[in-house]
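Undergrad: In this text, residue positions in the sequence shown follow our numbering: the first is -10, and each later residue adds one.
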Amino acid sequence: MRRLNGIWIAAMAVMLGFTPASAGEVVPWLVPSKPAAKPTPKHAVSHTARTGSAARAHVAATVPATPGPGAVWANLVAGNARFVAGKPQPRPLLSQRQTLVAGQHPRTIVLTCSDSRVPPEQVFDQSLGDVFVVRTAGQVVDAVATGSIEYAVERLHVGLIVVLGHEQCGTVTAALSGEPMPTPSLSALMGHIRPGIEKACANAVGEERLRCAIEANVNESAAQLVAASPVLRERLEQGNLLIVRALYPLGSGRVMELDREGVARTALTAHRVPAPAAPEAPVPVAAAVPATTAPAATAAPAVSIVPAPAPAVQANPASPIVVLDAAPPRSLPALAPTAPAIAASASPVAWEGQLRYRYEFRSTLDYRLPGAFKRPAPQSLGEAGDASIMRTRFGANLRLAQNVKGFFSMQDARTMGAEGSPRGTLANVDLFLAYVDLDSVNAWPVSVRTGRQVLAYGDGRLVSGADWGNSGWGYDGVRVRYAPKAWQIDAFSTWISEGRVEGQDRLFAGLDALWHGPRGVDLEAYHFRRSFGDTGWVAEGGRRGMLYDGTTGGRVRVLRGRLDTKLESAVQIGHRAGDDVRAWFGAARATLELPGAWKPRALGEFAIGSGDRDPADGKYQRFDPMYWGFHNYQGSLDVVSISNVKDWSGGLALQPRKGWSVTSEYHTFSLVEARDAWSDAAGTTLRRDASGAAGADLGRELDLVVKWDARSRVTVLGGYSRFWRGLYVERTGGGNDIDWGFLQMAVAF
-10 MRRLNGIWIA AMAVMLGFTP ASAGEVVPWL VPSKPAAKPT PKHAVSHTAR TGSAARAHVA
50 ATVPATPGPG AVWANLVAGN ARFVAGKPQP RPLLSQRQTL VAGQHPRTIV LTCSDSRVPP
110 EQVFDQSLGD VFVVRTAGQV VDAVATGSIE YAVERLHVGL IVVLGHEQCG TVTAALSGEP
170 MPTPSLSALM GHIRPGIEKA CANAVGEERL RCAIEANVNE SAAQLVAASP VLRERLEQGN
230 LLIVRALYPL GSGRVMELDR EGVARTALTA HRVPAPAAPE APVPVAAAVP ATTAPAATAA
290 PAVSIVPAPA PAVQANPASP IVVLDAAPPR SLPALAPTAP AIAASASPVA WEGQLRYRYE
350 FRSTLDYRLP GAFKRPAPQS LGEAGDASIM RTRFGANLRL AQNVKGFFSM QDARTMGAEG
410 SPRGTLANVD LFLAYVDLDS VNAWPVSVRT GRQVLAYGDG RLVSGADWGN SGWGYDGVRV
470 RYAPKAWQID AFSTWISEGR VEGQDRLFAG LDALWHGPRG VDLEAYHFRR SFGDTGWVAE
530 GGRRGMLYDG TTGGRVRVLR GRLDTKLESA VQIGHRAGDD VRAWFGAARA TLELPGAWKP
590 RALGEFAIGS GDRDPADGKY QRFDPMYWGF HNYQGSLDVV SISNVKDWSG GLALQPRKGW
650 SVTSEYHTFS LVEARDAWSD AAGTTLRRDA SGAAGADLGR ELDLVVKWDA RSRVTVLGGY
710 SRFWRGLYVE RTGGGNDIDW GFLQMAVAF
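1. Where does Leu214 land, buried or exposed, given buried means 16+ other C-beta within 10 angstroms?
2. Just tell me which of Arg578, Leu117, Lys635, His181 has its CA closest to the CA of Gly600.
3. With H, G and I counted as helix, E and B as strand and the rest as coil, what does DSSP make of Ser181?
4. Only counting runs of 3 or more residues, tell me where the beta strand (DSSP E) segments fall wholly within the region 583 to 611, in order along the chain.
5. Examine the Cβ distances between the region 373 to 391 and the region 347 to 361 and report whether three or more of them are shorter than 8 angstroms.
6. Would Arg80 be called buried (16 or more neighbouring beta carbons within 10 Å of its own) or exposed?
7. Decide if Met170 is buried, meaning its Cβ has at least 16 other Cβ atoms within 10 Å, or exposed.
8. Cα separation between Val92 and Leu512?
9. Within a Cβ cutoff of 7 angstroms, which residues of the same chain sit near Arg551, ignoring the five residues on either side of it in sequence?
10. Counting pairs of beta carbons, one from the region 86 to 106 and one from the region 179 to 193, are three or more of them closer than 8 angstroms?
11. Taking only the alpha-carbon atoms, compute the straight-line gap between Glu594 and Ala502 and give it to the nearest angstrom.
12. I need the straight-line Cα distance from Val312 to Pro56, nearest angstrom please.
13. Mind checking whether Tyr622 and Tyr515 have CB atoms under 8 angstroms apart?
14. Assuming contact is defined by CB atoms lying nearer than 8 angstroms, are Ser710 and Trp729 in contact in what I supplied?
15. For Gly57, which of helix, strand or coil comes out of DSSP?
16. Select from Arg438, Ala63, Arg380 the residue whose C-alpha is nearest the C-alpha of Leu427.
17. Look at the alpha carbon of Glu250 and the alpha carbon of Ile232, and state the distance between them as a whole number of angstroms.
18. Can you check DSSP and say which residues form a bridge with Tyr356?
19. Looking at Leu422 and Ser398, is the spacing between their C-beta atoms short of 8 angstroms?
20. Rounded C-beta distance between Gly68 and Phe113? I'm assuming under 8 angstroms.
21. Roughly how many angstroms separate the alpha carbons of Gln610 and Val661, rounded to a whole number?
22. With a threshold of 16 other CB atoms inside 10 Å of the CB of Ala141, please say whether the residue is buried or exposed.
23. Would you give the residue range spanned by the alpha helix (DSSP H) that Ser482 belongs to?
24. Locate the alpha helix (DSSP H) running through Glu143, then write down its first and last residues.
25. Using 8 angstroms as the threshold, is the C-beta distance between Val123 and Ala211 below it?
26. Pick out whichever of Ala577, Glu139, Leu165, Ala216 has its Cα sitting closest to the Cα of Asn741.
27. Have a look at Val133 and Pro219 and give me their C-alpha separation to the nearest angstrom.
28. Tell me whether the beta-carbon of Phe619 lies closer than 8 angstroms to the beta-carbon of Ser453.
29. Use the C-beta contact count for Arg544: other C-beta atoms within 10 angstroms, 16 or more gives buried, fewer gives exposed.
30. In terms of alpha-carbon separation, which member of Phe738, Gly167, Leu626, Ser668 lies closest to Val393?
31. At which residues does the beta strand (DSSP E) containing Arg546 begin and terminate?
32. What would DSSP say about Val292, mapped onto helix, strand or coil?
33. Name the DSSP bridge partner or partners of Lys647?
34. In the DSSP assignment, the alpha helix (DSSP H) including Ala193 goes from what residue to what residue?
35. Let's test the definition: count the other Cβ atoms within 10 Å of the Cβ of Gln115 and tell me whether it reaches 16, buried, or not, exposed.
36. Please say whether Pro95 and Val147 have beta carbons closer to each other than 8 angstroms?
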C-alpha cells in the first residue's frame, strides 16, 4: 500500500506540471491558488525516502527548487519590461507577507546604489521575498557588502548576482570631479571609486567621461566583489553562480546588460533553509513550487536527507525537508564579523594593467616631398607601409594613509619586430605615471596631486593625454584642485623637460575653472602658459630663440534634451624667437540624438585655426596647439591639424547592438591662409607655397570606425579612412590619395 502511495504522489506531481525538461529548458514556476485538502503525513517523507523512485517523486512534489540563474535573470528582464510599460503584476501582498514569516528564499541578489530613484524591486517588478538587496552609495564593495552577499550565496543559496549601476550617479560624479570631501568617511567612499574610473576614463571628455565612469564603476564593483570573496570565486568555478553587470537609465527605465560572468546551469538543484516550527506539522503537497528539472538523459541526483535541527522544522512549502543535490550540502561555519576573505578586501594595493596591440596599413606614408622638410631624398612620394605596435602598462593604486593615495604605472611601448629578437632589452620600459594625491587639505575642498600625471582640459583639443599614440603623454609637476560644490578650479605647474643649463627648462603651467551649471550648462575658462627657455624656436627671419606665450580661452556646453552643443575658442599671445605671437582658434560641434532602434546620432562640426598672412612681417599668426599628436580631431588619418585650417565635417553614429558602435564622418579641409604651411596632427610641416598660387583646397576625408566591447575588459577597435587629395596637392608636387586601415585590441587586467 505504501508503495502505491508513492506512485500516487508521483502521478500527482506529473499532473501538477513536474515533467522532465529537455536540455537547457526551464520548467515554469507554478504557484497554486490553494493548498491540497489532504496533507501528506510526516512519516511518509522518511519512509518514501527509502523506496527509490517513489522518494524522488515525492521530493519533486514537495521541494521548491531554485530555478537556474539564467532563468532567474530572464525573469528579471521580463519584469523590467513590465516596469517600463507601466504594467506591474498585481500581487497579494497581505498573504505573501504572512507566508514569508516562516523564512526567506530570494532568487537573486542585487548590489546597487543607495540612490532613492533606483528601487530594485520596482525596477524588476518583483515582490516581497524575491530580491536580496545590498545598497551602498555608488554600489561600493566594502567588507560589509561582501559579507552580506556571501551570506545570501552561502546560507540562502542564491545563484544570481546583479551589479546595477545607474545614469547620473551623484557619487560617481563627485568622485570623477576629484572634489575633496569634508569628512574622512566621505573621503574613504571617494577612495573606493576614483582610482578605477580615473584609470578607465583618463582620455574621455565631457558627457562621455561621466558615461564611461559610471560603466567603469559597475565593472569595478563586480571585479572587486569576486576578488574579495573566495566563496564567490568557488561558485563561479563550479558553474553555480552568474554575475550580471547592468545599467539603469533613469529616463527610460529599461535596464541594459553590460556583461556577465559565470555559467547559468539549469540542472535540478534544490536547497533548504529551515525555519523553527512545531514537530508534527504536515507538509502540504499541492503547495509546493515546481523545480527546474534536469535533462532527461542526466542521471537522477542522489537524495540526501537533512535532519531537522532542534527545534523541529515546520512542514511548510517554503521550508522543505528533503534536499536534492549532486553532493550533500556542506556545513557552514558561523559568520564572523571579520572573516579572512573579507579582511583581504581592505588591501592597500590594487594592481591593474593594460595590453594594447594595433596593426595599421597606409597606402601613402607622407605628403612631404622627398628632400623637403627633413624627408630623405631617396624615398618615393608614393611609398606605402604598415606597422604593428604594442603597448603594455602595469601599475597599482595605493592607499598610503587617510586621505592619501597614490598611483604608479610602468609602460613598455614598442614597434613589433624592431628589436630583431625576442631576447630584447628593457630599453623601451619607462615610468608612465607616478603621483600622490592628498585630499581634504585642512578639511577644505582642496586636493594636491604631485608627480607624473595626465592633464586634460577643455574638449581635449589643447591639453590631454594623447592616448592614441603608443607612448601617451604625461606631465611632471604639481596640480592643486579647489572644488566647492559645482566648481572645479585647477592650478598646475609642470616641467616638460629640464635642461642641464639654467634657463633652458621647458615649463608648462595653467589655470582652469569649470562650472557645472543647472539645466545641462557647463562653462569653462582657462589660461595656459609656456615658458621654454631653450633656443629651439625659429623666427620668420631665420633667427633662433626662446618661446614665451599664453593661450587663453573658454568652452561652453549646452545639453538640451536630445541636442548636445559645444563651443570652444582661444587666443594665443606672446613671443616666439623675437616675433610677436597673435593667433586664435575656434570650434563648434553639435550632436543630435535621433529616434530609432540603433540609437542614431547626427554629428556636425566646424573648426578653424588661424594662419600666418605674411611669413616675413615679424608677426607669428599661426595657431599652435601647444602639444602635438592629438588624434581624430581633424579626421582619423591625422593628415591635417587645426593650424591654418578650416574643417567642415558631418557624420552619423549608430549602436546596432549592445556593445557595438559604428561612427562615420566626412571632412572637407582647406587652408585659412594659402601662403602659410600645411601641417599634420604631429606638427610636421608637409608643404608650403609662399606664393599662394596653389590655392587652399587640401582635400576631403571619409572615416569609418567600429568599436566592439567584447568583454568588460576587452575592447576591439577597427577602422578605415580615405583621403582624396585636393587641388593644392596637385599644384604643389602631386601625390596619391591615401587609404588607411587599422585593427586594435586592448585588454585590461
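Each residue gets a CB set at the ideal place from its N, CA and C atoms; glycine is no exception.
TA: If we stick to the structure as given:
1. Within the sequence shown, numbered from 1, the residue matching residue 214 stands at position 225. Buried: at least 16 other Cβ atoms inside 10 Å.
2. Residue mapping note: residue 600 aligns to position 611 of the sequence shown, counting from 1. When only C-alpha atoms are compared, the closest one is Lys635.
3. For this step, residue 181 is matched to residue 192 along the sequence shown. Per the sequence shown, the amino acid found at residue 181 is His instead of Ser. Note: His181 maps to helix in three-state DSSP.
4. The region 583 to 611 contains these whole beta strand (DSSP E) runs: 590 to 598.
5. These segments touch.
6. As a working mapping, residue 80 is identified with position 91 in the sequence shown. With fewer than 16 other Cβ atoms from the protein chains shown falling within 10 Å of its own Cβ, Arg80 counts as exposed.
7. What you label residue 170 is simply residue 181 of the sequence shown in a count that begins at 1. Here Met170 is buried: its Cβ has 16 or more other Cβ atoms, across all protein chains shown, within 10 Å.
8. The residue labelled residue 92 in the question sits at position 103 within the sequence shown. The residue labelled residue 512 in the question sits at position 523 within the sequence shown. The sequence given here has Gly at residue 92, not Val. Approximately 54 angstroms, taken between the alpha carbons.
9. Mapped onto the sequence shown, residue 551 falls at position 562. So the list reads Leu581, Glu582, once near-sequence residues are dropped.
10. No: the two stretches stay apart, fewer than three of their Cβ pairs being nearer than 8 angstroms.
11. Residue mapping note: residue 594 aligns to position 605 of the sequence shown, counting from 1. Residue mapping note: residue 502 aligns to position 513 of the sequence shown, counting from 1. Their backbone Cα atoms lie some 24 angstroms apart in a straight line.
12. Translated into the one-based positions of the sequence shown, residue 312 becomes position 323. Translated into the one-based positions of the sequence shown, residue 56 becomes position 67. With a pLDDT of 27 at Val312, under the threshold of 50, the modelled position of that residue is not reliable, and no figure is offered here.
13. Along the sequence shown, one-based indexing puts residue 622 at 633. Along the sequence shown, one-based indexing puts residue 515 at 526. With a cutoff of 8 angstroms on beta-carbon distance, Tyr622 and Tyr515 are scored as not near each other.
14. By one-based count along the sequence shown, residue 710 stands at place 721. By one-based count along the sequence shown, residue 729 stands at place 740. For Ser710 and Trp729, yes; Cβs fall inside 8 angstroms.
15. Here residue 57 refers to the residue found at position 68 of the sequence shown. In the structure shown, Gly57 sits in coil (DSSP, three-state: anything other than H, G, I, E or B).
16. Working through the sequence shown from its first residue, we reach residue 427 at position 438. Of the candidates Arg438, Ala63, Arg380, the one whose C-alpha sits nearest the C-alpha of Leu427 is Arg438.
17. As a first step, residue 250 must be located in the sequence shown, where it is residue number 261. As a first step, residue 232 must be located in the sequence shown, where it is residue number 243. Looking at the two C-alpha atoms, the distance is approximately 5 angstroms.
18. For this step, residue 356 is matched to residue 367 along the sequence shown. Answer by DSSP bridge pairing: none, since Tyr356 is not bridged.
19. If you number the sequence shown from 1, residue 398 lands on position 409. If you number the sequence shown from 1, residue 422 lands on position 433. With contacts defined as CB atoms closer than 8 angstroms, Ser398 and Leu422 qualify as a contacting pair.
20. Residue numbering aside, residue 68 sits at position 79 when the sequence shown is read from its first letter. Residue numbering aside, residue 113 sits at position 124 when the sequence shown is read from its first letter. Correct: roughly 4 angstroms between the Cβ atoms.
21. If you number the sequence shown from 1, residue 610 lands on position 621. If you number the sequence shown from 1, residue 661 lands on position 672. Approximately 11 angstroms between the Cα atoms of the pair.
22. On the sequence shown, position 152 is the one that residue 141 refers to. By the Cβ-count criterion, Ala141 is buried, with 16 or more other Cβ atoms from all chains shown falling within 10 Å of its own Cβ.
23. Within the sequence shown, the letter at position 493 stands for residue 482. Run containing Ser482: none in the alpha helix (DSSP H); it sits in the beta strand (DSSP E), 476 to 486.
24. On the sequence shown, position 154 is the one that residue 143 refers to. That run of the alpha helix (DSSP H) goes 132 to 143.
25. Reading the sequence shown from its first residue, position 134 is the one you call residue 123. Reading the sequence shown from its first residue, position 222 is the one you call residue 211. In this structure, Val123 keeps its C-beta atom at 8 angstroms or more from the C-beta atom of Ala211.
26. Because the chain in this structure spans residues -10 to 738, residue 741 falls outside the shown range and cannot be described.
27. Counted from its first residue, the sequence shown places residue 133 at position 144. Counted from its first residue, the sequence shown places residue 219 at position 230. Using only the alpha carbons, I get a separation of about 15 angstroms.
28. Start at 1 with the first residue of the sequence shown, and residue 619 comes out as number 630. Start at 1 with the first residue of the sequence shown, and residue 453 comes out as number 464. For Phe619 and Ser453, yes; Cβs fall inside 8 angstroms.
29. As a position in the sequence shown, residue 544 is number 555, starting the count at 1. Under this definition Arg544 is a buried residue.
30. Within the sequence shown, residue 393 is the residue found at index 404, counting from 1. Looking at the Cα atoms, Gly167 is the closest of the given residues.
31. On the sequence shown, position 557 is the one that residue 546 refers to. For Arg546, the enclosing beta strand (DSSP E) stretches over residues 533 to 549.
32. The residue given as residue 292 occupies position 303 in the sequence shown. Confidence at Val292 is low in this model, with a pLDDT of 30, below 50, so the placement of that residue should be treated as unreliable; the coordinate-derived value is given next. Val292: strand per DSSP, three-state reduction.
33. As a working note, residue 647 is residue 658 in the sequence shown. Lys647 pairs with nothing; no bridge assigned.
34. Translated into the one-based positions of the sequence shown, residue 193 becomes position 204. Membership of Ala193 in any alpha helix (DSSP H) is not indicated, and neither H nor E is assigned to it by DSSP.
35. Numbered from its first residue, the sequence shown carries residue 115 at position 126. Under this definition Gln115 is a buried residue.
36. Walking along the sequence shown from the start, residue 147 turns up at place 158. Walking along the sequence shown from the start, residue 95 turns up at place 106. Pro95 sits close to Val147, with the two beta carbons spaced by under 8 angstroms.
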